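First to last, the sequence lines map onto chains A and B. When we follow our numbering, the leftmost residue of the first sequence carries the number 35, and every step to the right adds one. When we follow our numbering, the leftmost residue of the second sequence carries the number 35, and every step to the right adds one. We put the CB at the ideal spot given by N, CA and C, even for glycine. Every value quoted in this text rests on a predicted model; they were computed, and no experiment measured them. Inspection log for the structure reproduced underneath, given as C-alpha cells.
Protein chains: 2
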Amino acid sequence: MTLKMNQKLFNTILLLFISAIAISQPARRPEFDSPQVNSDNTVTFKFLAPNANSVKLNTQIENGSVDMVKDESGIWSATIGPVKPDMYPYAFNVDGIQVADPKNTNIFPNEGFQNSIVEITGNNPLVHTIKDVPHGTVSYRYYTSPELGERPVVIYTPPGYETSTDKTYPILYLLHGSSDTEETWTKVGRANIILDNLIAQGKAKPMIIVMPYGRAYPSISKSAGSLRNWDNLQEIKKDFLNYLFPFINENYRVKEDRNSHAIAGFSGGGGTSLFMGLNNPDMFSWVAGFAPGMLPNEFERNNAVAFENPAQTNKNLDLFWIGVGEDDFTYRVVKEYFELLDSKGIKYERFISGGGHTWMNCKLYLSILAEKLFK
Amino acid sequence: MTLKMNQKLFNTILLLFISAIAISQPARRPEFDSPQVNSDNTVTFKFLAPNANSVKLNTQIENGSVDMVKDESGIWSATIGPVKPDMYPYAFNVDGIQVADPKNTNIFPNEGFQNSIVEITGNNPLVHTIKDVPHGTVSYRYYTSPELGERPVVIYTPPGYETSTDKTYPILYLLHGSSDTEETWTKVGRANIILDNLIAQGKAKPMIIVMPYGRAYPSISKSAGSLRNWDNLQEIKKDFLNYLFPFINENYRVKEDRNSHAIAGFSGGGGTSLFMGLNNPDMFSWVAGFAPGMLPNEFERNNAVAFENPAQTNKNLDLFWIGVGEDDFTYRVVKEYFELLDSKGIKYERFISGGGHTWMNCKLYLSILAEKLFK
Chain A
35 MTLKMNQKLF
45 NTILLLFISA
55 IAISQPARRP
65 EFDSPQVNSD
75 NTVTFKFLAP
85 NANSVKLNTQ
95 IENGSVDMVK
105 DESGIWSATI
115 GPVKPDMYPY
125 AFNVDGIQVA
135 DPKNTNIFPN
145 EGFQNSIVEI
155 TGNNPLVHTI
165 KDVPHGTVSY
175 RYYTSPELGE
185 RPVVIYTPPG
195 YETSTDKTYP
205 ILYLLHGSSD
215 TEETWTKVGR
225 ANIILDNLIA
235 QGKAKPMIIV
245 MPYGRAYPSI
255 SKSAGSLRNW
265 DNLQEIKKDF
275 LNYLFPFINE
285 NYRVKEDRNS
295 HAIAGFSGGG
305 GTSLFMGLNN
315 PDMFSWVAGF
325 APGMLPNEFE
335 RNNAVAFENP
345 AQTNKNLDLF
355 WIGVGEDDFT
365 YRVVKEYFEL
375 LDSKGIKYER
385 FISGGGHTWM
395 NCKLYLSILA
405 EKLFK
Chain B
35 MTLKMNQKLF
45 NTILLLFISA
55 IAISQPARRP
65 EFDSPQVNSD
75 NTVTFKFLAP
85 NANSVKLNTQ
95 IENGSVDMVK
105 DESGIWSATI
115 GPVKPDMYPY
125 AFNVDGIQVA
135 DPKNTNIFPN
145 EGFQNSIVEI
155 TGNNPLVHTI
165 KDVPHGTVSY
175 RYYTSPELGE
185 RPVVIYTPPG
195 YETSTDKTYP
205 ILYLLHGSSD
215 TEETWTKVGR
225 ANIILDNLIA
235 QGKAKPMIIV
245 MPYGRAYPSI
255 SKSAGSLRNW
265 DNLQEIKKDF
275 LNYLFPFINE
285 NYRVKEDRNS
295 HAIAGFSGGG
305 GTSLFMGLNN
315 PDMFSWVAGF
325 APGMLPNEFE
335 RNNAVAFENP
345 AQTNKNLDLF
355 WIGVGEDDFT
365 YRVVKEYFEL
375 LDSKGIKYER
385 FISGGGHTWM
395 NCKLYLSILA
405 EKLFK
C-alpha cells in the first residue's frame with residue numbers, strides 16, 4: 035500500500051472496523067437517526083431489523099405504544115404525537131425481545147430493564163432543559179465501606195462551588211427507585227439541570243445533592259426486591275451513618291446542622307428517605323417522599339421515632355413533603371399513610387399530581403421540592 | 035384496602051409495577067444473573083428469550099463468540115473460557131438483532147452500537163481494577179460554545195485535589211474514538227481507576243485528565259464518519275482553543291506551561307490528538323496516539339507544523355508516543371507513518387502490542403503512557 039491510499043479505501047476499512055466493533059451487528063447500510071423530534075412535537079422512532087416479523091414501539095408517552103411499519107430497506111418506523119414536552123423512556127419490542135434504541139446514547143440507567151430516553155422540548159425550555167446558564171458539577175466518586183466495598187455515589191455541587199472556596203452549602207440526599215442506579219437521578223431525573231435552572235432564576239438555594247447507590251449490594255443482591263425492604267434499610271442505615279455521611283462531611287464544604295440537611299427519594303428510595311429522615315431527627319429537618327414505597331403493616335415500625343411524639347416531630351421538621359400521582363400504584367397506600375399521619379396530628383404537605391409512577395413525575399416533584407428547601 | 039395489606043400483596047403490586055416500567059418486557063419470572071464470572075475465570079452469559087429461534091453470544095474475547103443454548107425456562111446460556119482477565123465488550127444476537135445484556139448496567143457508551151461490558155479480574159487486581167486506594171473524582175461538566183452549544187466534558191481530578199487547595203497539576207487531554215462519547219474513557223477505558231492505582235503505587239504523577247466529546251455536533255452530524263475528518267478537525271480545533279481550554283484553565287488548578295500539557299487519543303480521536311498536539315507546539319509537549327486514525331495522503335497536511343522543522347519539533351516534544359496492535363486495522367497505515375517520521379528524522383516511541391483495535395488495548399496504552407507523562 036502506498037501513500038496514495040485514498041479516502042474511499044480508508045472509509046471502506048473504517049466501515050469494516052465499525053462492523054467489527056459492533057460485533058455481529060448485521061451490516062448497517064441505511065443511514066437514519068432515531069429518535070427524531072419534529073417541529074410539531076411529533077416524534078419519529080426508527081429501528082433497523084430487516085428480518086424481524088414484528089416491531090413495536092413501547093413508550094411512557096400517552097398513546098405512545100404502537101406497531102411499527104417496515105420499509106423496503108428494513109427500517110421499522112412509527113411517528114406519534116404531538117407529544118407533551120418532557121423526557122420519556124421508550125424501547126422497541128422486536129419479536130418479543132425488548133431492545134433499547136441503538137441510535138440513541140441517552141440510556142436509562144437501570145438494573146432491571148433497558149430503555150432509551152427521548153426529550154421533547156417544545157417552544158419553551160422546561161425546568162429540566164439544558165440551557166446556557168451557569169452549570170454545577172456532577173461528580174462520580176467512591177467511598178469505602180468495609181462491609182460493602184467501594185461504593186459509588188454521584189454528587190452535584192452548584193455553580194460557583196469550586197471558586198467560592200470558603201462558602202458552605204446545605205445538602206439534599208436524593209435516593210433513586212428500586213431497580214435504578216446512582217446515575218438515574220441525573221441521567222433520567224436531570225436533578226443537576228433542574229437545580230442549575232432554578233438557581234439561575236433565583237428560585238432555589240444553591241445546594242449540594244448527594245445521590246448514592248441505594249442497594250446494600252453485595253449484602254442485598256441486585257434481585258432482592260424493593261429498596262425499602264427491612265434488611266436493605268438496616269444495611270443502608272449503617273452504610274450512610276458510618277461511611278457515606280462522614281465521606282461527604284470530610285470532602286465537601288457542607289453546613290453540618292440538621293436544618294441544612296434534607297432527604298428525599300423515589301419509590302423504594304422514597305420508603306428509604308422517609309425511614310432515614312423521620313427516624314433521625316438529629317440529622318434531618320427536611321424530609322420528602324416521591325411516590326414512596328411503603329407497606330401499611332410496616333407504618334408503625336418504620337416511623338417509630340416520628341410517631342412516638344408527634345408534637346416534637348412537628349417541631350423538628352422544617353418540611354415533611356409527599357408527592358404522588360393519581361394513577362400511581364403507590365397512591366392507595368400513600369393515601370392510607372396520609373390518613374394515619376392525620377390521625378396522629380403529624381403535619382405534612384401533600385402534592386397530588388396526575389400521572390403514574392414515572393420519572394416525568396419525579397422531575398416535577400424535585401422541581402417543586404427544590405424551591406422549598408432550606409428557606 | 036385496610037392497614038393489613040400484606041407483604042405478598044405488596045410484592046404482587048410491585049411486580050406489576052416493575053412490569054409496567056419495563057414497558058412490555060415479557061413477564062420476567064425466572065431469576066438469574068448475567069454475566070456470571072466463575073472462580074476458574076470462565077464466564078456464563080444468560081439471556082431470557084423463550085420465543086427466539088437463535089441466540090448468539092458475541093464478544094471481543096478470543097473464541098468468545100458462540101451459539102447459546104435454551105433451557106426449559108426460556109433462558110439461553112453459554113459458558114466460555116477460562117478468559118484472560120480484562121474487561122470485554124459483548125452483546126447478544128437474538129434472531130439477527132443485537133441486544134445489550136439487560137441484566138448488566140455496565141454499558142459501553144457509544145453512538146453506533148450497544149454493547150455490555152464484562153469484567154474478569156482473576157487472582158490479582160489489574161491496573162484498572164477498582165481497589166481500596168484513594169480515589170480521584172470524575173466530574174461531568176458543560177462548557178458553552180456559541181457555535182456548538184452546551185458541550186459535555188468529563189474531567190478526572192486526582193485524589194487530594196479538593197483538599198490541596200493551592201497545588202497546581204499537569205493536564206492530559208484524552209480523546210475517545212469515532213463513535214464513542216465523552217464517557218467511554220472512564221466507563222470502558224477506566225482512565226480514572228488506572229490513574230488512581232498508578233498514583234497510589236507512585237508510578238504516575240497526579241494529573242488532571244480532560245475527556246471532551248470529540249465530535250463537533252451539531253455542525254458535524256453524529257453519522258459523519260471519523261473524528262479525524264478534516265471538517266471535524268477544524269471545528270474541534272476552534273472549539274478547543276476558544277472554549278474548552280479557557281474553561282479548564284479558569285475552573286481548575288492547572289499548570290499552564292506547555293511542558294505540563296499532554297494530548298492523547300484513540301482511533302479517530304488519535305488522529306485528532308496528533309493533529310492538535312503536533313500543530314500546536316506552544317500548547318503541548320507530550321503527544322500520543324493510540325491506534326491513531328490517519329490517511330497517508332493527509333500525512334503532510336495534518337502534520338504541517340511538525341514536519342516544517344523536524345529538529346525544532348524534536349526539541350519541542352518531551353514525548354511523542356504511538357501505540358498500536360499487530361492485528362489492528364490501522365497498523366498498516368501507522369507503519370507507513372513510522373516510516374515517514376523516520377525519513378524526516380522525527381523522534382518518537384513506538385509500542386507494538388498484540389491484539390486489535392480494542393479498548394483492552396486502550397487501557398494498556400494509557401497505563402504505559404501515564405507512567406511516562408510529566409517526568
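- DSSP, reduced to helix, strand and coil, places Gly389(A) outside both helices and strands of the structure shown, so it counts as coil.
- Taking a C-beta cut-off of 7 Å against chain A, the contacting residues of the stretch 213-241 of chain B are Ser213, Thr215, listed in chain order.
- For Asp200(A), there are no neighbours in chain B by C-beta distance under 7 Å, as the nearest C-beta there is about 10 Å away.
- In this structure, the beta-carbon distance from Trp110(B) to Lys104(B) falls below 7 Å.
- Per DSSP, Pro252(A) lies in no alpha helix (DSSP H) and is assigned neither H nor E.
- The Cβ of Gly130(B) sits closer than 7 Å to at least one Cβ of chain A.
- Its chain contains Gly223, Ala225, Ile228 as the residues whose beta carbon lies nearer than 7 Å to that of Leu400(A), once the 5 sequence neighbours on both sides are disregarded; these appear in chain order.
- Within 10 angstroms of the beta-carbon of Ser301(B) lie 16 or more other beta-carbons, which makes it buried.
- Of the residues assessed, Pro192(A) falls on the buried side of the cut-off, its CB having 16 or more other CB atoms within 10 angstroms.
- Secondary structure of Lys80(A) (DSSP, three-state): strand.
- Residue pairing by DSSP places Met121(B) opposite Glu153(B) in a beta bridge.
- Considering only Ser212(B), Lys289(B), Asn293(B), the residue with the shortest C-alpha distance to Ser255(B) is Ser212(B).
- Counted as a single uninterrupted DSSP element, the alpha helix (DSSP H) harbouring Glu370(A) occupies residues 365-378.
- Contact annotation, Phe126(A) with Lys90(A): C-beta distance approximately 7 Å; criterion of less than 8 Å satisfied.
- Taking 7 Å as the cut-off, the Cβ atoms of Trp355(A) and Glu383(A) count as close.
- Cβ-Cβ distances below 8 Å link Val172(A) to Val188, Ile189, Tyr190, Thr220, Asn226 in the same chain, with the five nearest sequence neighbours on each side left out; the list follows chain order.
- Comparing alpha carbon positions, the residue from Ala296(B), Thr199(B), Ala250(B) closest to Val244(B) is Ala296(B).
- In the three-state reduction of the DSSP assignment, Ser111(B) falls in the strand class.
- Between the stretch 192-205 of chain B and the stretch 366-381 of chain B, the count of C-beta pairs closer than 8 Å stays below three; the two stretches do not touch.
- For His210(B), the closest Cβ of chain A is not nearer than 7 Å.
- Judged by beta-carbon spacing, Tyr122(A) lies within the 7 Å limit of Val152(A), meaning their Cβ atoms are closer than that value.
- Within chain A, Asn285 have C-beta atoms less than 7 Å from the C-beta of Glu196(B), given in sequence order.
- Each of Thr218(B), Val77(B), Gly98(B), Pro64(B) was checked against the Cα of Lys397(B), and the nearest Cα belongs to Thr218(B).
- Boundaries of the alpha helix (DSSP H) around Phe333(B): 333-336.
- In terms of beta-carbon proximity, Ala83(A) lines the interface with chain B, with at least one pair separated by less than 7 Å.
- Of all alpha-carbon atoms in Arg262(B), Glu405(B), Thr392(B), the one lying nearest the alpha-carbon of Thr93(B) is that of Thr392(B).
- In chain order, Tyr176, Glu184 make up the part of chain B whose C-beta sits under 8 Å from the C-beta of Ile164(A).
- Taking 4 residues as the minimum length, the alpha helix (DSSP H) runs contained wholly in the stretch 291-358 of chain B are 302-313, 333-336, 338-342, 344-350, in order along the chain.
- In the DSSP assignment, Leu229(A) falls outside any beta strand (DSSP E) and lies within the alpha helix (DSSP H) extending over 225-234.
- Burial state of Asn87(B) is exposed, judged by a 10 Å Cβ sphere holding fewer than 16 other Cβ atoms.
- Per DSSP, Pro280(A) is one residue of the alpha helix (DSSP H) stretching across 279-285.
- Distances from the alpha-carbon of Asn313(A) to those of Gly248(A), Asn350(A), Ser294(A), Asn283(A) put Asn350(A) closest.
- Taking CB atoms only, Pro193(A) has no neighbour in chain B less than 7 Å away.
- For Glu360(B), the three-state secondary structure derived from DSSP is coil.
- Within the model, the alpha-carbon separation for Glu181(A) versus Ile386(A) is close to 39 Å.
- Residues of chain A whose Cβ lies closer than 7 Å to the Cβ of Ile141(B) are, in chain order, Ile141.
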